[in-house]
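Enquirer: Let me give you the structure first, and then I'll get to my questions.
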Amino acid sequence: MDTCYPLHTTRTNPYHTVLKRDESMTVTLPSTVLDLVSYLASTSTMQNFYAQKGEKEALGVINDFQDSLLDQIGVSDDPDNIELKVRFDYILIMGRKPF
């Protein structure tokens, strides 16, 4: 059975000569401030924070983020009515076994 080592290991990586890194993939989606705040709340980081610190602390962080975002874009309207374009950058690392 072949062993696949993580890229950061100091062991010999059988894929090192055939690794390709592509950072050109981006996706831009129409969104609202409320969508972005909901996305943040759904991340595993926020879920772990919620589990460790409790609902009050987590909601405080989320509300601070929303207030800061509204401040940065210079509006104070309903977060559900403010449209944004959210860009996600993806990194693809491809490798194959040498022949």
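The C-terminal position of the sequence shown is numbered 99 in this note's numbering, with every residue numbered one higher than the one before it. For each residue, glycine too, the CB sits at the ideal point set by N, CA and C.
1. What are the residues that DSSP puts in a beta bridge with Y90?
2. To which residues of the same chain is N81 closer than 8 Å at the C-beta, ignoring the five residues directly before and after it?
3. Is it right to say Y90 is buried, meaning 16 or more other beta carbons lie within 10 angstroms of its own, or is it exposed?
4. Taking C-alpha atoms, which residue in K85, A58 and D67 lies nearest to T43?
5. Give the secondary structure of L59 by DSSP, where H, G and I count as helix, E and B as strand, and everything else as coil.
6. Please work out which residues of its chain come closer than 6 Å, Cβ to Cβ, to E23, disregarding the five sequence neighbours upstream and downstream, and give them in chain order.
7. Starting from S109 and walking both ways along the alpha helix (DSSP H), at which residues does that stretch end?
Expert: With the structure as the only source:
1. According to DSSP, which records beta bridges pairwise, Y90 is partnered with M25.
2. Cβ neighbours of N81 beyond the five flanking positions: T32.
3. exposed
4. A58
5. helix
6. I91
7. One cannot answer for residue 109 here, as it falls past the ends of the chain, which runs 1 to 99.
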